[in-house]
Amino acid sequence: MTDEYRTIANSAEGYYTDKRSKFLAFIHHVENVDEIKDILAAYRKKYYDARHVCYAYMLGAERKDFRANDDGEPSSTAGKPILGQINSNELTDVLIVVVRYYGGVNLGTSGLIVAYREAAADAISHAKIETRQVEETVAYTFAYPAMNDVMRIVKEMQPRIVEQTFDNTCKIVLGIRKSEAEQLRQRLSKIM
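Its first residue numbered 5, the sequence shown is counted upward by one per residue in the numbering used here.
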């Protein structure tokens, strides 16, 4: 089980044209289905005059939550090629939307597959791809006199401090790389 995944740092656009049909591609970093629905609604509103608004997305570090939609194009000619580009670049937490303006000439199934694949690939090529760590949060409650010991472990292991409360009873919530979470828990549990 790896604790890294690839996603994009910025939204980007791509473009492809074939036989006067235009394919406008957009890639976005997304983290949940509600966000995806909002983005799709915005594209359908903005490009209300387009023939098709096809898309594919992949969510989660495990890359198990995904969907491809052909939006009226022949089955598997739009969503699958877009999803194929997400998979071949090993991306997750991304949504790619391809808006098609029909040019009056049918492209055929192989032409559509190429067009949607190339539009998605162009959008990906304009995005900045980055590798991120899968984080796990560790919450720890302790007495104030143990503060120095806790902070020494925080300094040594360098987790991200998500939340902290210092009073008679202190609480700290730390975000740390998944592979190091158990070690952090063990070290904190040894503090008296």
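Heads up, the beta-carbon is just placed ideally off N, CA and C, and yes, glycines get one too.
Note that this is a predicted model, so its numbers are computed, not measured.
* To do: Kindly identify the DSSP beta-bridge partner or partners of T169.
  => K175
* With DSSP collapsed to three states, give me the class of V154. => helix
* **Three-way DSSP call (helix, strand, coil) for A60 in this model** => strand
* **Sheet register partners of I117 (DSSP bridge)** => BP columns for I117 are empty, so no partner.
* Answer yes or no: do G18 and A143 have a C-beta to C-beta separation smaller than 8 Å? => no
* **Inter-residue CB distance, C174 and M155 (contact presumed, cutoff 8 Å)** => C174 to M155, Cβ: 10 Å. No contact.
* Asked: In the DSSP assignment, what residue or residues form a beta bridge with Y105?
  -> K26
* Asked: Is D126 buried or exposed, if buried means 16 or more other CB atoms sit within 10 Å of its CB?
  -> buried
* Asked: Just the Cα atoms here: how many angstroms apart are V102 and R164?
  -> 37 Å
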